[in-house]
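Only one structure is covered here, and it is reproduced in the block below.
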Amino acid sequence: MKLFLDTASVQEIRQMWEVGILDGVTTNPSLVAKEGRPFETVLREICAVGIPSVSAEVVATDVPGMLAEGRRLSKLHPSIYVKTPMTTAGLEATKTLRKEGIRVNMTLVFSANQALLAAKVGASYVSPFIGRLDDQSQDGMELVRDIREIYRQYGFKTEILVASVRHPVHVLEAAKLGADIATMPMAVMEKLVQHPLTDLGLARFLKDWQKVPQESSAPPAR
Ligand code: G3P
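Offset between the sequence shown (1-based) and our numbering: plus 54.
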């Protein structure tokens, strides 16, 4: 499963890229607004890190506007995936952008039927928002399960990108269901690494190591 960071913070992206567990980045208008810098400047910096997949969202809501923004964004860097919203206009724009060879991530997906439509227009990624469904007392993972089943049934190539991930159990469940990608905030990715027994175990090994007689640093006698 590919792991993406859901952030527009170049600092966070660089940090996880160095560790070697990062496969991509998703941004959205809310995340970009937090950075307080122009969108395209931020995108160029993220792409310059070397990230192979960077999702950048259009803000137009009509087809011509989405096409113009999508084409412009896709020219910024070969790593860019254009994010379009799950609306009728978004579907139409996605179909055209895909015909032009531009990769598209359809976002704001909250039902399996919406995911079916995203696959039919050839979206590269479909982004079900798991946490926001959980917030509404609806099981977000059930949606991922349904999408996986439908895509398997018809052999759709659209990758399932689980979004609105709020905690490590979302990542675990998404992986068990065979989701292709999970995108998460930095705090969740850090929690994937951590376990209190790892910390305790390491502390004990280091303490016991103090009792091991050390080799003499003097060179061996001839
Ligand atoms: O990038 C889209 C999605 O991951 C947003 O998550 O936490 O705002 O529901 P959240």
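All C-beta atoms in this analysis are idealised placements derived from N, C-alpha and C, irrespective of residue type, glycine included. None of the values given here were measured: they were computed from a predicted structure.
(message) Only counting the same chain, and skipping five residues up and downstream in sequence, which positions put a Cβ closer than 8 Å to that of Pro106?
(response) Closer than 8 Å at Cβ, skipping near neighbours: Asp77, Gly78 and Ser133.
(request) Return the bridge partner residues of Pro182 from the DSSP annotation. (result) Its beta-bridge partners are Val163.
(request) Kindly confirm or deny that the stretch 110-123 and the stretch 145-165 touch, where touching means at least three C-beta pairs closer than 8 Å. (result) Touching, yes, given that three or more Cβ pairs across the two stretches are closer than 8 Å.
(request) In angstroms with no decimal places, state the Cα-to-Cα distance between Val223 and Ala173. (result) When the Cα atoms are used, Val223 and Ala173 turn out to be separated by approximately 26 Å.
(message) Which residues end up in the neighbourhood of the ligand G3P when you take C-beta atoms closer than 6 Å to any of its heavy atoms?
(response) Asp60, Thr80, Asn82, Phe183, Gly185, Arg186, Ala217, Ser218 and Thr237
(request) Would you please state the rounded distance, in angstroms, between the beta carbons of Asn159 and Ser128? I believe it to be under 8 Å. (result) Not confirmed; about 12 Å, so no contact.
(message) On a Cα-Cα basis, can you pick out the residue from Arg220, Glu269 and Met140 that is closest to Ala236?
(response) Here the closest residue by C-alpha is Arg220.
(request) Would you identify the three-state DSSP class for Ala217, choosing helix, strand or coil? (result) strand
(message) Give me the DSSP bridge partner(s) of Glu111.
(response) Lys137
(request) Take every Cβ of the stretch 79-91, pair it with every Cβ of the stretch 265-272, and state whether three or more of those distances are shorter than 8 Å. (result) no
(message) Along the chain, where does the beta strand (DSSP E) containing Met55 start, and where does it finish?
(response) Note, Met55: premise wrong, no beta strand (DSSP E); not H, not E.
(request) Can you give me the Cβ contacts of Ala233 inside the same chain, cut-off strictly under 6 Å, excluding the 5 residues immediately before and after it? (result) Counting only Cβ-Cβ distances below 6 Å, and skipping sequence neighbours, we find Val198, Ile214 and Val216.
(message) Using only the alpha-carbon positions, how far apart do Arg152 and Lys137 sit?
(response) If you draw a straight line from the Cα of Arg152 to the Cα of Lys137, it is about 12 Å long.
(message) Which residue wins for smallest C-alpha separation from Arg186, given the options Ser178, Val180, Gly74 and Met195?
(response) For Arg186, the closest of Ser178, Val180, Gly74 and Met195 by C-alpha to C-alpha distance is Met195.
(request) Could you pull out every residue in the same chain whose Cβ sits closer than 8 Å to the Cβ of Ala143, ignoring the five residues on either side in sequence? (result) Thr115, Asp116, Val117 and Met120
(message) Taking the straight line between their C-alpha atoms, what separation do you get for Glu203 and Ala169?
(response) 11 Å
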